[in-house]
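Shown next, in structure tokens, is the structure this report addresses.
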Amino acid sequence: PGKALITVAPRPGTDNLDREDILETIAARGERLALVLLPGIQYYTGQVLPMAEIVAAGHRVGANVGLDLAHAAGNIEMSLHDWGPDFAAWCTYKYLNSGPGSTAIAYVHERHLSNPDIPRLEGWWGHDKASRFDMDNRFVDPNTAEAWQMSNSAILSTAPVIASLGEFERAGGMGPLRAKAERIGTYLDSMLDELVGDRVERITPGSPAERGSQVSLRMRGGIDGQSVFDQLLAADIQCDWRFPDVIRVAPTSLYNTFSDVHRFTTLLSSILS
17 PGKALITVAP RPGTDNLDRE DILETIAARG ERLALVLLPG IQYYTGQVLP MAEIVAAGHR
77 VGANVGLDLA HAAGNIEMSL HDWGPDFAAW CTYKYLNSGP GSTAIAYVHE RHLSNPDIPR
137 LEGWWGHDKA SRFDMDNRFV DPNTAEAWQM SNSAILSTAP VIASLGEFER AGGMGPLRAK
197 AERIGTYLDS MLDELVGDRV ERITPGSPAE RGSQVSLRMR GGIDGQSVFD QLLAADIQCD
257 WRFPDVIRVA PTSLYNTFSD VHRFTTLLSS ILS
């Protein structure tokens, strides 16, 4: 890993990854780069990375590009087919609300469906349905995503995913949910500015294009962030603590309200005082 793995880090004195640093690192490695693997959203800061640009940069040097979308799925709008990553993967227990152990998801771009250079585990479940029961020991590729199937998914782990996706559909999809997320995020910013001021630092980017629902907060002035987190949790504020010094909150447009944000910021101000 010391020789084969190349990492990108924030510049000194900053918390977020610089777009130019990512793209220049990819370009500088050129044809020596086999795989670009980055998150769609950085879990600690909540920064949304420029996924379309990363995919294009990786492909320009001949690399495959994969995206870890654990913190992006159900959080922001994405266009994987149009952006063209070679693959992506994500869980469904975060913004997709399906609970621990729920079925995870893997995505492979359709241009790889009939690529003979990709070794693929193939089995009965991926066989073309029209001749699946012929049992002639000959695999017939349906040329759809089903060709990648090795078995059926576990029904108890998949049921909450289906139920959750139904709620997203009833809400109108990611478009209106994302529009509300931007409004509720702006309201959170304004309430933090008004009630807590410079006692708390927001390390999540301010631009709506560079953030989802998550906002990462760092206490200033020697305030014990762990103690603040414990008091928020005791007051039934669902947030989390990330070592060494960050509290993550995520007003989620599917079920959080502006009143929830008001309650949180008012309580945070009271704790800090």
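Convert by adding 16 to the 1-based position in the sequence shown; the result is the number in the numbering used here.
By construction, the Cβ of each residue, glycine as well, lies at the ideal position given by its N, Cα and C atoms.
Could you tell me which residues DSSP puts in a beta bridge with D256? R264
Taking C-beta to C-beta, are A43 and V64 nearer than 8 Å? no
Could you compute how far the alpha carbon of R127 sits from the alpha carbon of V81? 13 Å
Unbroken beta strand (DSSP E) run spanning R218, endpoints: V216 to R218
Considering only DSSP beta bridges, list what Y111 is partnered with. BP columns for Y111 are empty, so no partner.
Measuring CA to CA, which of C255, M207 and F103 is closest to L54? F103
Under 8 Å between C-beta atoms of R227 and G189: no
Between the beta-carbon of A266 and the beta-carbon of S229, is there less than 8 Å? yes
Can you tell me whether P101 is buried or exposed? The criterion is at least 16 other CB atoms within 10 Å of its CB, across all chains shown. buried
If we count the other Cβ atoms within 10 Å of its Cβ and call it buried at 16 or more, is F280 buried or exposed? buried
Y60: which of T23, G213 and V231 sits nearest, CA to CA? V231
Cβ contact (3+ pairs, closer than 8 Å) linking the segment 214–221 and the segment 178–188: no
For the alpha helix (DSSP H) holding V64, just list the boundary residues, first then last. No alpha helix (DSSP H) holds V64; DSSP gives it neither H nor E.
Can you check whether the CB of A88 is closer than 8 Å to the CB of W99? no
So for G142, helix, strand or coil by DSSP? helix
Whether or not the segment 158–173 and the segment 232–252 are in contact is what I'm after, with contact meaning three or more pairs of Cβ atoms, one per stretch, closer than 8 Å; do they touch? no
For D205, which of R186, P192, A187 and L233 has the nearest alpha-carbon? L233
By Cβ distance below 6 Å, which residues in the same chain neighbour D256 in space, the five residues on each side in sequence not counted? R264
Which residues share a DSSP beta bridge with F103? G82 and V124
From S285 to I57, what does the alpha carbon distance come to, in whole angstroms? 28 Å
For E36 and D84, the rounded distance between their alpha carbons: 20 Å
My output table needs one value for I178: the three-state DSSP class, helix, strand or coil. helix
Closest Cα partner of W140 within the set T282, P158, G191 and D133: P158
What is the rounded straight-line gap between the Cα of G62 and the Cα of I178? 26 Å
Is V156 helix, strand or coil by DSSP? coil
Look at the alpha carbon of S95 and the alpha carbon of V277, and state the distance between them as a whole number of angstroms. 29 Å
Residues bridged to R227 (per DSSP): Q63
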